[in-house]
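Scroll down for the structure; my scribbles are underneath it.
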Amino acid sequence: MNKTEYEKIEYYTITKNNTNNKITINFDTYEGVGKIANYMAMEVKSTKLPKDVYDIVIDPGHGGSDNGAENGEYNESILTLKYANKVKTELEKLGLKVKMTRDGTEDKENYGVFSVYNENGRVNVVGDSKAKYVFSIHLNSINEPNSISGVEIYAPTRINLDLAKTFADNIVKYGNSKYSELDVIYRKTEGVYVRTFRDWEIEQAKQEATQGGYEAYEIRDYTPYLYMLRETGGIATGAYVDGRNKAYGTNKYYNSNIGVEAYLLELGYINHNINLRNLMSNEDGYVQGIVETIKQELLGIE
């Protein structure tokens, strides 16, 4: 007999035409004559989103003490916030309920690389939102300036890549840009990448655990490498930051069975001068590429 105990699952569908469905899944056990069986019951009810539930989270990369990539007077954290604010405004015009992981008022000293798992850090903000999707906006950089440019969309593992591909196509189209030239083993198609842990990185994580005096995390070769794609998906994406490594906080939702589907949008390379000029002069085009993708793929609006 399977003695696994499942918790009730509640979630809401994305807002369409100002309405939502609340999905409730209950788990129970049927006991008959000489028989015991586990079963699942589902209830669907039309409703509005509660105050603390959102459709989408927009995550402007970096922030606080973490400037991200830089090129002269330009830094990633400021530019991604500008893009994110515009995306949020356009999505709200479509009737979507949108939350931001940061708004630019974050503490310069206490918000940064090591605060992402804090109570109000970006990972837990996403989990608290109960959203369906999180889109993390970034600008890329590479050691050799002006060597690579273009759009890269990073998706989690074991997922249909249609949404990621539409993001890449639309951002290239409306941003008057191109697909990245980055040609690596985790490139799946033009502009779409699925970055997982490599063997040497798994070994490195084990060594760090030994040195830090904590039990090594259970990392597999299919575990997403980028933390925003891994830690916001809960069980489905192999989230593991449970507080054992004291250098970080705790992802409250690392073992959640209701994950948020995450994508990281690298709009271009900040240290490629032509790419940067286009990013600065065609800001609305990049925003339109993001918004058009959400309209087409999530809302069914052509």
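Residue numbers for the sequence shown, in numbering that gives the first Met the number 0: 0 to 301.
The C-beta atom is built at its ideal place from N, Cα and C for all residues, glycine as well.
Keep in mind that this is a model prediction, so the values were computed, not measured.
Next on the checklist: Could you check whether S128 and V240 sit closer than 8 Å to each other, using their CB atoms as the reference points?
Outcome noted: The residue you call residue 240 lines up with position 241 of the sequence shown. The residue you call residue 128 lines up with position 129 of the sequence shown. Contact flag unset, no.
Checklist entry - Counting pairs of beta carbons, one from the stretch 107-123 and one from the stretch 276-286, are three or more of them closer than 8 Å? => result No: the two stretches stay apart, fewer than three of their Cβ pairs being nearer than 8 Å.
Next on the checklist: Run through the DSSP bridge pairs and tell me what G304 is partnered with.
Outcome noted: Because the chain here runs from 0 to 301, residue 304 falls outside it and cannot be looked at.
Checklist entry - Hey, would you say L162 sits closer than 8 Å to Y262, going by beta carbons? => result Residue 162 sits at position 163 when you count from the first residue of the sequence shown. Residue 262 sits at position 263 when you count from the first residue of the sequence shown. Going by C-beta atoms, L162 is nearer than 8 Å to Y262.
Checklist entry - Roughly how many angstroms separate the alpha carbons of V125 and G111, rounded to a whole number? => result What you label residue 125 is simply residue 126 of the sequence shown in a count that begins at 1. What you label residue 111 is simply residue 112 of the sequence shown in a count that begins at 1. Distance between the alpha carbons of V125 and G111: 16 Å.
Next on the checklist: Do G258 and I234 have their beta-carbon atoms positioned less than 8 Å apart in this structure?
Outcome noted: Numbered from its first residue, the sequence shown carries residue 234 at position 235. Numbered from its first residue, the sequence shown carries residue 258 at position 259. In contact: I234 and G258 (Cβ atoms closer than 8 Å).
Next on the checklist: Nearest by alpha-carbon distance to V286: which of F134, F196, A68 and Y226 is it?
Outcome noted: Numbered from 1 along the sequence shown, position 287 holds the residue referred to as residue 286. Ranking the options by Cα distance to V286, first place goes to F134.
Next on the checklist: I want to see whether chain B comes within less than 8 Å of K172, judged by CB atoms only; does it?
Outcome noted: Included in the structure is just one protein chain, with no chain B present.
Next on the checklist: With DSSP as the reference, identify every bridge partner of Y10, one or two as the case may be.
Outcome noted: Counting from 1 along the sequence shown, the entry for residue 10 is found at position 11. DSSP lists I22 as partners of Y10.
Checklist entry - Who pairs with V43 in a beta bridge, going by DSSP? => result Position 44 of the sequence shown, counted from the start, is the residue given in the question as residue 43. Note: V43 sits in a beta bridge opposite I22.
Checklist entry - What are the uninterrupted segments assigned as alpha helix (DSSP H) that are 4 or more residues long and contained completely in the stretch 131-203, given in chain order? => result Taking only runs of at least 4 residues, the alpha helix (DSSP H) segments lying wholly in the stretch 131-203 are 161-173.
Checklist entry - Quick one, which of K87, V43, V150 and P59 has its alpha-carbon nearest N74's? => result On the sequence shown, position 75 is the one that residue 74 refers to. Answer by Cα proximity: P59.
Item to check | CA-to-CA distance, S255 to Y11, given in whole angstroms | outcome: Residue 11 sits at position 12 when you count from the first residue of the sequence shown. Residue 255 sits at position 256 when you count from the first residue of the sequence shown. Looking at the two C-alpha atoms, the distance is approximately 16 Å.
Next on the checklist: Checking 8 Å against the spacing of the C-beta atoms, do L264 and I136 come in under that value?
Outcome noted: As a position in the sequence shown, residue 264 is number 265, starting the count at 1. As a position in the sequence shown, residue 136 is number 137, starting the count at 1. Result yes, Cβ atoms of L264 and I136 sit closer than 8 Å.
Checklist entry - Where does A208 sit, in a helix, a strand or coil, going by DSSP? => result Taking the sequence shown and counting its residues from 1, the one referred to as residue 208 is at position 209. Correct three-state label for A208: helix.
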